[in-house]
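In what follows, a single structure is set out as structure tokens and then discussed.
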Amino acid sequence: MQKKIKLIITSLVYILFFYLVFLSYSAIIPDENIPTFTNNKQFIKKVDNEFKPNQDSVYEIIEKKNNKKKEKNIMLIDENDSNTLTNSEDKKKLFKLQIASFKTKEKSNKVKDILNKTNFSPFNNLKFFVKEVNFSQNETYFRVISEENFINKTASHICKVIISKNFQCILIKDG
71 MQKKIKLIIT
81 SLVYILFFYL
91 VFLSYSAIIP
101 DENIPTFTNN
111 KQFIKKVDNE
121 FKPNQDSVYE
131 IIEKKNNKKK
141 EKNIMLIDEN
151 DSNTLTNSED
161 KKKLFKLQIA
171 SFKTKEKSNK
181 VKDILNKTNF
191 SPFNNLKFFV
201 KEVNFSQNET
211 YFRVISEENF
221 INKTASHICK
231 VIISKNFQCI
241 LIKDG
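Take my numbering: the last position of the sequence shown gets the number 245, and nothing is skipped along the way.
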């Protein structure tokens with residue numbers, strides 16, 4: 071009797087299992103007769119860009135300004151080239167030597183005095199002065215600068231000599 075009950079229960083479980091498998095299959099794969107709703111309209115609409123800037127648009131104004139600046143720069147370069155060719159005598163002395171720049175005049179004067187006493191052979195006659203430079207209302211610097219102007223090659227050579235004496239040196243275009 072127990073064997074019959076076990077056999078009946080086992081067969082019912084198998085039948086129930088197959089019934090659930092077919093039920094889930096029909097739920098996942100629907101019949102072809104069932105109506106489905108689909109959207110036939112496009113979600114994204116393509117818009118052609120018909121933007122054509124007119125003469126008074128911002129883009130045209132900016133482009134015109136940039137072109138004018140380029141033309142001015144070219145004109146300035148052309149004028150500078152012609153001036154440098156005609157003024158070759160003035161071109162010889164264009165650079166000054168800057169040794170230091172401080173916010174206080176006392177420090178600048180102290181460095182100037184030390185530099186004026188130092189012998190930079192073969193350049194024995196080097197003299198320096200303090201120049202006041204204002205950048206804004208609150209920013210004033212005192213620069214220690216050479217009194218004479220030098221051509222680029224000579225100024226570079228003097229700077230190397232000054233740097234070898236443990237000072238700093240940069241070339242400043244005078245003009």
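Glycine included, every Cβ here is placed at the ideal spot set by N, Cα and C.
C-alpha gap between residue i and residue j, whole angstroms
i      : j      : result
Phe220 : Ile169 : 15 Å
Lys111 : Ser96  : 30 Å
Asn179 : Ile215 : 11 Å
Met71  : Ile99  : 42 Å
Asn204 : Thr210 : 4 Å
Phe92  : Tyr84  : 12 Å
Arg213 : Thr188 : 18 Å
Pro105 : Tyr89  : 25 Å
Lys177 : Lys230 : 23 Å
Exposure label - residue i; buried when at least 16 CB within 10 Å
i      : result
Leu77  : exposed
Lys235 : exposed
Val181 : buried
Lys166 : buried
Phe87  : exposed
Leu185 : buried
Leu196 : buried
Ile232 : buried
Ile114 : exposed
Phe198 : buried
Asn109 : exposed
Residues near residue i by beta carbon distance below 8 Å, same chain, minus five either side
i      : result
Ser226 : Leu241
Simplified DSSP assignment, three categories, for residue i
i      : result
Glu176 : helix
Phe199 : strand
Asn222 : helix
Ile99  : coil
Ile240 : strand
Phe190 : strand
Same chain only: Cβ atoms within 7 Å of residue i, ignoring 5 sequence neighbours per side
i      : result
Thr80  : none
Glu202 : Thr210 and Phe212
Beta carbon proximity, residue i to chain B, threshold 8 Å
i      : result
Glu218 : The structure shown contains no chain B; it holds only a single protein chain.
Residues near residue i in its chain [Cβ-Cβ closer than 6 Å; skip 5 each side]
i      : result
Gln207 : none
Asn103 : none
Continuous beta strand (DSSP E) stretch holding residue i: start and end
i      : result
Thr210 : Thr210 to Ser216
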